[in-house]
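What follows is a short report on a single structure.
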Amino acid sequence: MTQPARTRIAPSPTGDPHVGTAYVAVFNKALAMQTGGQFVLRIEDTDRERSTAASEAAIFRSLAWLGLGWDEGPDVGGPHGPYRQSERLDIYHDHVKRMVDAGTAYPCFCTPDELAAMRQRQKEAKQPPRYDGTWRDAPKAKVDEWLRAGKPHVVRLRVPNEGSTTFTDEVRGAITFENANIDDQVLLKGDGFPTYHLANVVDDHLMGITHVIRAEEWISSVPKHVFIYDALGYPMPKLAHVPLLRNKDKSKISKRKNPVSIDWYTEKGYLPEAIVNFLALLGYSLESGEEIFDFATLVEQFSIDRINPSAAPVFNLEKLDWLNGEYVRAMSLDALAERILAFGYPADRADMLRRFLPIVQERIKTFDEVAPMTDFFFADPTDYDPELLVPKKCDRAFAREALRGFADRLPALDAAPTGADYEAAVDALATEREWKRGNVFMCLRVAVTGSKQTPPLVESMEILGRDAVARRLEHAITRLGETA
RNA sequence: GCCCCCAUCGUCUAGUCAGGUCCAGGACACCGGAUUUUCGAUCCGGCGACACGGGUUCGAAUCCCGUUGGGGGUACCA
Numbered sequence: 033m034t035q036p037a038r039t040r041i042a043p044s045p046t047g048d049p050h051v052g053t054a055y056v057a058v059f060n061k062a063l064a065m066q067t068g069g070q071f072v073l074r075i076e077d078t079d080r081e082r083s084t085a086a087s088e089a090a091i092f093r094s095l096a097w098l099g100l101g102w103d104e105g106p107d108v109g110g111p112h113g114p115y116r117q118s119e120r121l122d123i124y125h126d127h128v129k130r131m132v133d134a135g136t137a138y139p140c141f142c143t144p145d146e147l148a149a150m151r152q153r154q155k156e157a158k159q160p161p162r163y164d165g166t167w168r169d170a171p172k173a174k175v176d177e178w179l180r181a182g183k184p185h186v187v188r189l190r191v192p193n194e195g196s197t198t199f200t201d202e203v204r205g206a207i208t209f210e211n212a213n214i215d216d217q218v219l220l221k222g223d224g225f226p227t228y229h230l231a232n233v234v235d236d237h238l239m240g241i242t243h244v245i246r247a248e249e250w251i252s253s254v255p256k257h258v259f260i261y262d263a264l265g266y267p268m269p270k271l272a273h274v275p276l277l278r279n280k281d282k283s284k285i286s287k288r289k290n291p292v293s294i295d296w297y298t299e300k301g302y303l304p305e306a307i308v309n310f311l312a313l314l315g316y317s318l319e320s321g322e323e324i325f326d327f328a329t330l331v332e333q334f335s336i337d338r339i340n341p342s343a344a345p346v347f348n349l350e351k352l353d354w355l356n357g358e359y360v361r362a363m364s365l366d367a368l369a370e371r372i373l374a375f376g377y378p379a380d381r382a383d384m385l386r387r388f389l390p391i392v393q394e395r396i397k398t399f400d401e402v403a404p405m406t407d408f409f410f411a412d413p414t415d416y417d418p419e420l421l422v423p424k425k426c427d428r429a430f431a432r433e434a435l436r437g438f439a440d441r442l443p444a445l446d447a448a449p450t451g452a453d454y455e456a457a458v459d460a461l462a463t464e465r466e467w468k469r470g471n472v473f474m475c476l477r478v479a480v481t482g483s484k485q486t487p488p489l490v491e492s493m494e495i496l497g498r499d500a501v502a503r504r505l506e507h508a509i510t511r512l513g514e515t516a
């Protein structure tokens with residue numbers, strides 16, 4: 033095995049906890065675990081406008097829920113903290129000072145308005161929008177004077193105007209950019225906060241990160257990072273860019289077109305292990321071709337080499353649904369009941385849940401389906417359309433007689449009939465009257481459950497008990513009479 | 001516009017780096033059949049792809065070039 037890898041995810045606490053964060057976390061954590069390294073959670077709250085404590089808490093909660101816990105982070109601490117960038121401002125300032133002193137960065141006093149106007153002009157002139165270098169080579173005396181006067185400014189990276197920069201992406205190989213196309217990136221904002229680029233490089237180094245596995249959208253900023261690493265004399269970590277999750281139209285996955293918040297999946301009643309399994313299937317595959325596997329298996333077999341550079345994984349909930357169903361069906365009834373209760377299924381229905389779960393397990397994909405499918409166990413259905421009681425190609429008279437006939441057989445049954453008892457009664461009735469069994473079943477099904485699509489009927493009756501069944505039959509007969 | 005990445009069934013992918021074993025394999029979805037008291041589950045079967053054009057080679061999904069297409073980036077957001 034190789035050296036222990038230290039990996040990280042670096043989400044911004046802006047908005048809901050994002051599936052993209054979880055997606056990247058899967059690979060980072062897998063690599064760290066596989067090599068006996070550490071998986072770090074760093075909060076990149078350098079955008080003061082948008083960062084919120086609530087969002088940060090949601091990130092903690094949702095990642096933990098997914099089983100993607102971290103070895104070091106703002107909440108658990110660690111030897112390389114603090115793990116919240118807003119608490120590391122001094123560190124960034126030191127680094128920026130080093131860079132300015134060395135001339136690899138410089139103060140820029142252009143105002144946001146000036147920059148916006150500049151971009152506008154460039155756009156109109158069909159020029160590529162980029163910083164025009166106003167302060168790049170300003171006389172030192174002037175810069176010092178403005179600095180002393182306390183003029184608001186940012187600090188920019190001094191990118192060479194010539195030559196090219198090449199780096200290696202572990203997934204795609206060598207990638208080269210012409211330096212002339214790289215802007216003088218802002219490193220330190222006017223509010224004294226670092227930009228992503230600076231903070232990211234500094235922290236990855238200081239935190240001992242060896243492998244950066246992140247989304248493809250970052251590829252074009254790597255050259256800037258290369259300059260920062262060089263300017264600081266820090267070695268580059270290994271970089272691996274995974275494909276971006278996509279909407280159906282192939283654009284970068286977004287809130288408008290996909291459920292992107294992990295909370296949504298929690299609320300819908302997905303299994304975290306199924307979600308993680310699903311994410312690991314996007315842009316990645318096990319050598320064996322196995323599609324259903326747990327995280328331990330991924331940890332064992334993970335290899336950056338197998339990340340697919342050409343994937344453009346459309347986020348396909350249908351496959352997640354299928355996977356989740358597979359997990360649900362593979363679970364023991366006890367475990368499943370516990371999970372459904374934990375999901376929020378009413379605790380006072382726990383006993384009943386355990387009784388009907390055997391006939392419900394194979395019928396659900398997500399936990400939010402349980403309640404609607406099983407409400408009939410708890411309350412007599414009364415608001416269904418009586419027409420539903422009449423099977424296809426049958427008439428009301430048939431429905432009435434079937435219900436009556438079955439109801440009349442109930443008293444003769446055991447006080448607590450089994451499913452088999454009920455089934456025998458249906459059979460006897462159908463045989464005697466020369467009815468199609470299926471028609472009798474359908475009629476009874478609607479009377480007892482209020483729906484045409486339900487868990488198996490006689491088992492449901494067994495759970496409901498003879499009295500409830502009888503009561504529902506009488507109600508159905510009445511309903512049929514009402515509008516006849 | 002400019003820069004970068006990418007191009008296999010509707011979708012997720014295997015195969016591409018080390019060209020022949022691929023008239024391209026698996027999965028989801030879809031369609032059909034079996035089973036069946038509905039739904040579901042299950043089992044069988046089917047549909048369905050190497051973007052296009054050149055080149056290299058005895059041989060190309062695999063290598064090269066171009067075209068087209070898709071995506072990302074181009075902020076004092078990450």
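If you use the working numbering, the first sequence closes out at 516, no skipped numbers anywhere.
We treat Cβ as the ideally placed atom computed from N, Cα and C, and that holds for glycine.
How far does the alpha helix (DSSP H) with residue i in it reach, from first residue to last?
i    : result
A137 : That residue, A137, is in no alpha helix (DSSP H); its beta strand (DSSP E) goes A137 to C140.
A57  : V51 to T67
A312 : P304 to A312
F430 : R428 to R441
F473 : R469 to T481
V254 : V254 to L264
R162 : Careful: R162 lies outside any alpha helix (DSSP H) and carries neither H nor E.
R386 : A382 to V392
I372 : L365 to F375
Within 10 Å of its beta-carbon, does residue i have 16 or more other beta-carbons around it, so buried, or fewer, so exposed?
i    : result
G321 : exposed
P443 : exposed
L271 : buried
L63  : buried
N193 : exposed
L512 : buried
F410 : exposed
S87  : buried
N213 : exposed
T414 : exposed
R20  : Nothing about residue 20 can be read from this structure; the chain reaches only from 33 to 516.
L365 : exposed
Q393 : buried
V108 : exposed
D281 : exposed
L83  : Sequence check: residue 83 is Ser here, not Leu. So S83 counts as buried.
T510 : exposed
S44  : buried
D216 : buried
A362 : exposed
Is residue i near the ligand FMN - that is, is its Cβ less than 7 Å away from at least one heavy atom of it?
i    : result
F375 : In the structure on display, the ligand FMN does not appear, and there are no ligands present to speak of.
So, helix, strand or coil for residue i, using DSSP?
i    : result
A272 : strand
V203 : coil
G451 : helix
A516 : Low local confidence applies: a pLDDT of 48 at A516 is under 50, so the model's placement there is unreliable, with the coordinate-based value given in what follows. Of the three classes helix, strand and coil, the one that applies to A516 here is coil, per DSSP.
P226 : strand
G113 : coil
L352 : helix
T329 : helix
D492 : Reading off the sequence, residue 492 comes out as Ser, not Asp. Of the three classes helix, strand and coil, the one that applies to S492 here is helix, per DSSP.
G357 : helix
L277 : coil
E146 : helix
V292 : coil
E419 : helix
My assumption, with CB atoms under 8 Å, is that residue i sits in contact with residue j. Please give the rounded CB distance.
i    : j    : result
A191 : C140 : For the record, residue 191 in the displayed sequence is Val; it is not Ala. With a Cβ gap of about 13 Å, V191 and C140 do not count as contacting.
D103 : F59  : Not a contact, Cβ separation roughly 16 Å.
A263 : M131 : 5 Å
Y302 : T398 : 6 Å
N356 : A403 : N356 to A403, Cβ: 17 Å. No contact.
V234 : T227 : At roughly 11 Å, the Cβ-Cβ gap does not stay under 8 Å, so V234 and T227 are not in contact.
P341 : R278 : So it is not a contact: roughly 15 Å between Cβ atoms.
Going by DSSP, what residue range makes up the beta strand (DSSP E) through residue i?
i    : result
R246 : H243 to A247
Q70  : Q70 to L73
L220 : V218 to L220
Inter-stretch contact at 8 Å, needing at least 3 Cβ pairs: the segment 110 to 120 / the segment 70 to 81: yes
Three or more C-beta pairs closer than 8 Å, one from the segment 448 to 457 and one from the segment 487 to 504: is that the case here? yes
Are three or more beta carbon pairs between the segment 176 to 184 and the segment 230 to 248 nearer than 8 Å? no
Does the contact criterion of 3 or more C-beta pairs under 8 Å hold for the segment 275 to 292 versus the segment 302 to 310? no
Can you find at least 3 beta carbon pairs, one from the segment 245 to 265 and one from the segment 164 to 178, that sit closer than 8 Å? no
Segment contact, 8 Å Cβ cut-off, at least three pairs: the segment 454 to 467 with the segment 417 to 424: As far as the Cβ criterion goes, the segment 454 to 467 does not touch the segment 417 to 424, which means the pair count is below three.
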